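See structure below.
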Amino acid sequence: MSASGRAKIAVVGSANMDLVGLAEKLPRPGETVLGDDFVMTPGGKGANQAIAAARAGGDTTFLGAIGSDAFGVTLGSRLAATGVDTTHLRTSYGSSGVAVIMVDRAGENSILVSPGANRSFLDLTDEERACVAGADVLLCQQEIPLATVAAALTAGRAAGTRTVLNAAPAMDLPPGLLDQVDLLVVNETEARAITGGSASDMAALLALVPRVVLTLSGAGSRYADREGRDEQVPAYRVEVADTTAAGDAFTGALAVAWAEGRDLIEAVRWANAAGAACVRKVGASNALPSRDEIDAIFRG
Numbered sequence: 007m008s009a010s011g012r013a014k015i016a017v018v019g020s021a022n023m024d025l026v027g028l029a030e031k032l033p034r035p036g037e038t039v040l041g042d043d044f045v046m047t048p049g050g051k052g053a054n055q056a057i058a059a060a061r062a063g064g065d066t067t068f069l070g071a072i073g074s075d076a077f078g079v080t081l082g083s084r085l086a087a088t089g090v091d092t093t094h095l096r097t098s099y100g101s102s103g104v105a106v107i108m109v110d111r112a113g114e115n116s117i118l119v120s121p122g123a124n125r126s127f128l129d130l131t132d133e134e135r136a137c138v139a140g141a142d143v144l145l146c147q148q149e150i151p152l153a154t155v156a157a158a159l160t161a162g163r164a165a166g167t168r169t170v171l172n173a174a175p176a177m178d179l180p181p182g183l184l185d186q187v188d189l190l191v192v193n194e195t196e197a198r199a200i201t202g203g204s205a206s207d208m209a210a211l212l213a214l215v216p217r218v219v220l221t222l223s224g225a226g227s228r229y230a231d232r233e234g235r236d237e238q239v240p241a242y243r244v245e246v247a248d249t250t251a252a253g254d255a256f257t258g259a260l261a262v263a264w265a266e267g268r269d270l271i272e273a274v275r276w277a278n279a280a281g282a283a284c285v286r287k288v289g290a291s292n293a294l295p296s297r298d299e300i301d302a303i304f305r306g
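For the sequence shown, the residue numbers in the working numbering are 7 to 306.
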């Protein structure tokens with residue numbers, strides 16, 4: 007815990023600027039269409055989860071890289087404005103990470119992600135390793151080089167920091183990476199990518215990590231561990247406006263709840279409430295809920 011008594015969370019991950027264009031239809035190759043609207047919003051799974059953890063009550067530090075462009079200034083400002091410690095935020099000469107997203111009126115989308123500065127985030131400095139070692143929980147994703155993810159998880163495990171990997175986006179993992187993970191958070195697609203089989207095969211996942219949370223969208227979540235617990239945790243019923251950042255709200259809140267010493271099934275239930283609070287709003291990082299909003303749903 008920090009001097010303030012709050013759980014200390016270190017997030018190692020990505021920061022992107024999302025450029026979202028809305029149109030009646032998606033353009034075909036070589037075609038230009040007139041759009042209805044345009045939205046520019048800070049994103050990236052790492053930055054989103056850091057903001058989610060900070061708003062959920064965690065003393066949160068973000069370790070990542072932004073570019074030397076105007077997008078980088080905006081990304082850094084959004085993180086700092088939401089209470090995230092950006093002391094270890096690197097600035098790399100060139101472009102920040104950018105996601106160019108086109109959405110039609112039926113909700114179909116086409117996405118191009120340029121990693122930009124995220125690709126430059128290679129390994130950890132001694133100061134960054136000390137930050138990871140001093141945290142109660144380390145939270146990682148897979149939108150930065152996997153060698154950096156592995157280095158962070160290894161540093162966390164060596165220091166006794168609880169390590170959480172949200173294995174998103176789905177991809178092949180290098181040998182040994184999961185050996186450093188205390189808690190794996192995956193959706194069904196990501197689970198299949200790891201096991202090569204059924205998403206519901208918790209035994210296959212538990213052969214690789216000691217604890218697993220499987221997120222099931224509107225059906226809630228499922229928690230299982232090597233001690234024999236395996237429980238479905240239902241979702242909260244709310245009016246849904248936008249599901250974009252629900253997974254990041256869930257994962258950030260889960261890290262805070264576990265760092266505070268809650269039983270993991272209760273922590274998953276509280277994280278479900280965070281996801282429910284998030285989907286009631288339109289947007290990404292701006293929709294991530296406060297602790298009061300999470301508690302209001304959790305306590306009913």
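Virtual Cβ for every residue (Gly too), placed ideally from N, Cα, C.
Since this is a predicted model, take the numbers as computed values, not measurements.
N-terminal and C-terminal residue of the alpha helix (DSSP H) that residue i is part of
i, result
"S83", "A76 to A87"
"F256", "A252 to A265"
"K14", "That residue, K14, is in no alpha helix (DSSP H); its beta strand (DSSP E) goes K14 to V18."
"E299", "R297 to F304"
"L212", "M208 to L212"
"Q55", "K51 to R61"
"A164", "L152 to A165"
Cβ shell of residue i (< 7 Å), same chain only, five flanking positions each side left out
i, result
"T92", "F68, G82, L85 and A86"
"T201", "D207, A210 and L211"
"K287", "A247, D248 and A293"
"G41", "G27, L28 and A29"
"A157", "D129 and L130"
"D178", "none"
"R243", "none"
"D298", "none"
"A161", "L130, R135, V138 and A139"
As assigned by DSSP and simplified to three states, the class of residue i
i, result
"R198", "helix"
"S307", "Since the first residue of the chain shown is 7 and the last is 306, residue 307 is not available in this structure."
"D185", "helix"
"A247", "coil"
"R96", "strand"
"D142", "coil"
"D269", "coil"
"G234", "coil"
"N292", "helix"
"V285", "helix"
"D178", "coil"
"V90", "coil"
"V39", "coil"
Where the beta strand (DSSP E) containing residue i begins and where it ends
i, result
"M7", "Per DSSP, M7 belongs to no beta strand (DSSP E) and is neither H nor E."
"R217", "R217 to T221"
"L25", "N22 to A29"
"N115", "N115 to S120"
"N124", "It is not in any beta strand (DSSP E) - N124 carries neither H nor E in the DSSP assignment."
"R111", "Where R111 is concerned, there is no enclosing beta strand (DSSP E), given that its DSSP letter is neither H nor E."
"G395", "Because residue 395 is not part of the residues shown, which for the chain are 7 to 306, the question remains open."
"T169", "R168 to N172"
Contacting residues, own chain, Cβ-Cβ under 8 Å from residue i (five flanking each side not counted)
i, result
"D75", "G100, S101 and S102"
"G73", "T97, S98, Y99, G100, S101, S102, G103, G122 and A123"
"N278", "G226, S227, V239, P240, A241, Y242 and F256"
Cut-off 6 Å between Cβ atoms - residues of its own chain near residue i, not counting five sequence neighbours on either side
i, result
"R275", "V239"
"P121", "G103"
"K14", "S8, D65, A141 and D142"
"D132", "none"
"P33", "V39"
"E30", "R111"
"V18", "L69, C146 and A158"
"T88", "I57 and A60"
"I271", "Y229 and E237"
"E233", "none"
"A290", "T47, G49, T250 and A251"
"A205", "E194, A197 and R198"
Cβ-heavy atom distance, residue i to the ligand NAD, below 7 Å
i, result
"I117", "With respect to small molecules bound, the structure shown includes none, and the ligand NAD cannot be examined in it."
Beta-carbon separation (whole angstroms), residue i vs residue j, contact threshold 8 Å
i, j, result
"G78", "Q147", "The pair is not a contact, with the Cβ atoms about 19 Å apart (cut-off 8 Å)."
"E149", "G50", "6 Å"
"R163", "Q186", "5 Å"
"L260", "V218", "No, L260 and V218 are not in contact; Cβ-Cβ is about 12 Å, not under 8 Å."
"C137", "A283", "Rounded, the Cβ-Cβ distance is 28 Å, inconsistent with contact."
"L220", "A241", "Wrong, their Cβ atoms sit about 13 Å apart, outside the cutoff."
"V192", "A173", "5 Å"
"L183", "L152", "7 Å"
"S126", "A71", "5 Å"
"I5", "A280", "For the chain, the structure presents residues 7 to 306; residue 5 sits outside this window and is missing."
Neighbour flag for residue i against chain C, beta carbons, 8 Å
i, result
"A141", "As a matter of chain content, chain C is missing from the structure shown, which is built from one protein chain."
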